[in-house]
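Undergrad: To start, I am sharing the structure in question, which I have written as structure tokens.
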Amino acid sequence: MSFRPNRGYERAGFATRPGRGRGWGRGRGGAQHLVNRMVVKPDIVKHPLGQLLQTFRLADLQPSEDNTGKVNKITNCEYVASYSWTNSESPTILVPGRPPLWMPLQQPQRLPEDSGVYFRDPNSAKFPRHPTEPAVRALFKTDPAFPTGEVDVFACGSTMGSLLRFVLSIDKPFRFNVEVIGSTVFLIRKENDPREIIEGVRGFGHTFPEYYTTWEQDVKGSETHQRLCRYDLGRFNCVIRFECDGYLQTGSEKTSMVETKSSDLEDLSGNFKNVTVGQGTVNGLAKLLLKQGGAVVAQHTIFDMKTRSGRYRKEINMDEMYPQLWIKQIPNFIIAYHDGAGLFPTSDIQVQNVNYNVQAWERQNQAGISRLIVLLDKIVELARNEGTGLLEVYCPSVDCLEVRKQYGEGFHALPLELSAKWKAMDQDSTDPDHEHDTEPGHGGLQLGYDSDDEPDYTACGDDCGYCGKCTY
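Note that the sequence shown ends on residue 500 in the working numbering; no numbers are left out.
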């Protein structure tokens, strides 16, 4: 495969580097990319805490006698929407978009080291006033009649991952906002600054996906792909948004995907009003724009990706990866080892179907998952009983999680008209039992999916906030 550098342009917050069209600067490499390995703690001086409502310890999260011994697992997982952020002067999403395609180099070549500026959270960096809004717009664009009243929790890989770390006694401080809209409790990621960057980036975790994946023609100019899945966890029906590193194009995928012709940029008229946001990523005030294009890919083809230095022959600990793969229901994992200087030998790039392993992790961590469900129950109850519905979850240290009122006037997850639409659809929902069928090809982890069915790809990370101390 020949390679030609992509000569682009640089603008504030974005680094255009030689590669095959990956952008944005999502790090997938792990701890070696961070020089200082410092944990980024919530800044409670810049963002003061509100009134304390309740403090939880792990001892407070024991399941009731009725649920003791019950097997808790994720069920009924289905794709509900997706979108890609584009490299545009105005904040623009492509719906349904498409993740980058895994396309390894035929001949390994030494890659340049990571350079540039990388944001911790692409959604807040691109659309700081309402980072959750693009996901909800994409969801209604995909399914205008989406039954919002069936959804108990709307979260992301970061917020749900933070709660999971807490119940597993992993020490990493965090905070996020909570808001009740209709009957749904939204968990909204909160950084110290919407455009907070990852400090001390080094290694090859950003350049590797740029060389080994590609944005296909109908999604050229994309920078990150966000996916929304819906599933049941305990008594809760959840929608989870997460970044998708890419997908594997199987033989069936080539014929089953329905192409969506790209159209001209259109503002969100008709179903949605234009939204003006303050401090856009480039131009101050900006409207959220939507462009239709891309194609939905099946859940069983998507993957997460990490790189590591193979210099010291220390393999990645997959037990640290399974919790996030479980939250996102991602069945494939790519791990690539380099020689310490940017060369990734073909034999050291592995594509693994980890479906069975993730299911095994779920069975082996029932105590932690049970505590997670109890914690969700307590947060949901507090939020629904609070008059304003605006709360904040703050974890300063291991075994201490506080639920507080938001400071001051608070932060709303969605603009008023979109919040009203969510509530209106809530009232129209008629299925109280949360029964929903998983569409073939777009569902959760496919237990029948055999890694031997994958094509031979030479046998070949938004959520932790790049803390440099992650244990998963």
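Where is the CB? At the ideal position from N, CA and C, for every residue including glycine.
Model, not experiment: these values are computed from the prediction.
Report the CB separation of A166 from S110 in whole angstroms; it is logged as a contact under 8 angstroms.
TA: 7 angstroms between Cβ atoms; contact.
Undergrad: How long is the line joining the alpha carbons of G438 and W130, rounded to whole angstroms?
TA: One C-alpha to the other measures close to 42 angstroms.
Undergrad: Can you give me the start and stop residues for the alpha helix (DSSP H) that P456 sits inside?
TA: Position check: residue 456 holds Asp in this sequence, whereas Pro was assumed. Where D456 is concerned, the enclosing alpha helix (DSSP H) stretches over L444 to D456.
Undergrad: If I follow the unbroken alpha helix (DSSP H) through G417, where does it start and stop?
TA: That residue, G417, is in no alpha helix (DSSP H); it is neither H nor E in DSSP.
Undergrad: Are G508 and D142 closer than 8 angstroms when you measure CB to CB?
TA: Absent from the structure is residue 508, since the part of the chain shown begins at 29 and ends at 500.
Undergrad: For a test of the three-state rule: what should DSSP assign to D427, helix, strand or coil?
TA: In the structure shown, D427 sits in coil (DSSP, three-state: anything other than H, G, I, E or B).
Undergrad: As a quick exercise: from S118, T241, P201 and P140, pick the residue whose alpha carbon is nearest that of D367.
TA: Among S118, T241, P201 and P140, the Cα nearest to that of D367 is on P140.
Undergrad: Quick one: what does DSSP say K501 is sitting in, helix, strand or coil?
TA: There is no way to answer for residue 501, as the model of the chain reaches only from 29 to 500.
Undergrad: In angstroms, rounded to a whole number, what distance separates the CA positions of W450 and R255?
TA: The straight-line gap from Cα to Cα measures roughly 19 angstroms.
Undergrad: Kindly give me the distance between the Cβ atoms of T235 and T212, rounded to whole angstroms, as I take these residues to be in contact under 8 angstroms.
TA: Between T212 and T235 the Cβ distance is about 39 angstroms, and since that is not below 8 angstroms, they are no contact.
Undergrad: Alpha carbon to alpha carbon, what distance is there between V267 and R126?
TA: Rounded to the nearest angstrom, the two C-alpha atoms are 19 angstroms apart.
Undergrad: Have a look at S197 and D427 and give me their C-alpha separation to the nearest angstrom.
TA: Rounded to whole angstroms, S197 to D427 spans 7 angstroms at the Cα level.
Undergrad: Within its chain, find whatever has a CB closer than 8 angstroms to the CB of E467; leave out the 5 residues flanking it on each side and keep chain order.
TA: For E467, the pLDDT reaches just 39, beneath the cut-off of 50, and the residue's location in the model is therefore unreliable, leaving the point undetermined.
Undergrad: Quick one: is E178 buried, meaning 16 or more other Cβ sit within 10 Å of its Cβ, or exposed?
TA: Buried, because 16 or more other Cβ atoms sit within 10 Å of the Cβ of E178.
Undergrad: Looking at the secondary structure, which residues open and close the alpha helix (DSSP H) in which F168 lies?
TA: From DSSP, the alpha helix (DSSP H) with F168 extends over E161 to T170.
Undergrad: Please tell me whether A369 and I377 are closer than 8 angstroms, where the distance is taken between their beta carbons.
TA: Their beta carbons are not under 8 angstroms apart, which means A369 does not touch I377 by this criterion.
Undergrad: Please tell me whether P421 and I407 are closer than 8 angstroms, where the distance is taken between their beta carbons.
TA: Going by the sequence as given, residue 421 is Val instead of Pro. In this structure, I407 lies closer than 8 angstroms to V421 by Cβ.
Undergrad: With DSSP as the reference, label F372 as helix, strand or coil.
TA: Looking at F372 - three-state DSSP - the assignment turns out to be coil, as it is neither helix nor strand.
Undergrad: Beta-carbon separation of G210 and Y435 under 8 angstroms?
TA: Not closer than 8 angstroms, so no.
Undergrad: Could you check whether F214 and V206 sit closer than 8 angstroms to each other, using their CB atoms as the reference points?
TA: Yes, Cβ-Cβ distance for V206 and F214 is below 8 angstroms.
Undergrad: What separation, rounded to the nearest whole angstrom, lies between the Cα atoms of N345 and A448?
TA: Spanning the two alpha carbons is a distance of roughly 45 angstroms.
Undergrad: Report the residue from E409, I401 and A441 whose alpha carbon sits nearest the alpha carbon of K101.
TA: Checked all of E409, I401 and A441; the closest Cα to K101 is I401.
Undergrad: Check each candidate in R399, A452 and D456 and name the one with the smallest Cα separation from K98.
TA: Checking every option, the nearest Cα to that of K98 belongs to R399.
Undergrad: For Q380, I'd like the list of residues in its chain whose CB is within less than 6 angstroms of its CB, leaving aside the five on either flank, ordered along the chain.
TA: Excluding sequence neighbours, Q380 sits near F361.
Undergrad: Would E161 and F168 qualify as a contact pair, given that the criterion is a beta-carbon distance under 8 angstroms?
TA: Contact flag unset, no.
Undergrad: What are the start and end residues of the alpha helix (DSSP H) that includes V386?
TA: Where V386 is concerned, the enclosing alpha helix (DSSP H) stretches over N383 to Q392.
Undergrad: Check P124 in the structure and name its three-state DSSP category.
TA: In this structure, P124 counts as strand in the three-state DSSP scheme.
Undergrad: Under 8 angstroms Cβ to Cβ from G185, same chain only, skipping five residues before and after it: list those, please.
TA: Closer than 8 angstroms at Cβ, skipping near neighbours: I268, R269, F270, E271, Q352, I355, K356, D490 and D491.
Undergrad: Which two residues bound the contiguous beta strand (DSSP E) that contains K154?
TA: Taken as a continuous stretch (DSSP letters only), K154 belongs to no beta strand (DSSP E), being part of the alpha helix (DSSP H) at P150 to K154.
Undergrad: On the three-state DSSP scale, how would you describe M131?
TA: In this structure, M131 counts as coil in the three-state DSSP scheme.
Undergrad: Contact check, T120 vs K319 under 8 angstroms by CB: the rounded distance?
TA: Contact holds; Cβ gap of about 6 angstroms.
Undergrad: By alpha-carbon positions, which one of G338, V181 and R203 ends up nearest to D454?
TA: For D454, the nearest C-alpha among the options comes from V181.
Undergrad: Please report the distance separating the alpha-carbon of P424 from that of P136.
TA: Looking at the two C-alpha atoms, the distance is approximately 44 angstroms.
Undergrad: What residues are listed by DSSP as bridge partners for V379?
TA: Answer is I362, bridged to V379.
Undergrad: Pull up the distance between the alpha-carbon of V382 and that of D456, whole angstroms please.
TA: Going from the Cα of V382 to the Cα of D456 covers about 39 angstroms.
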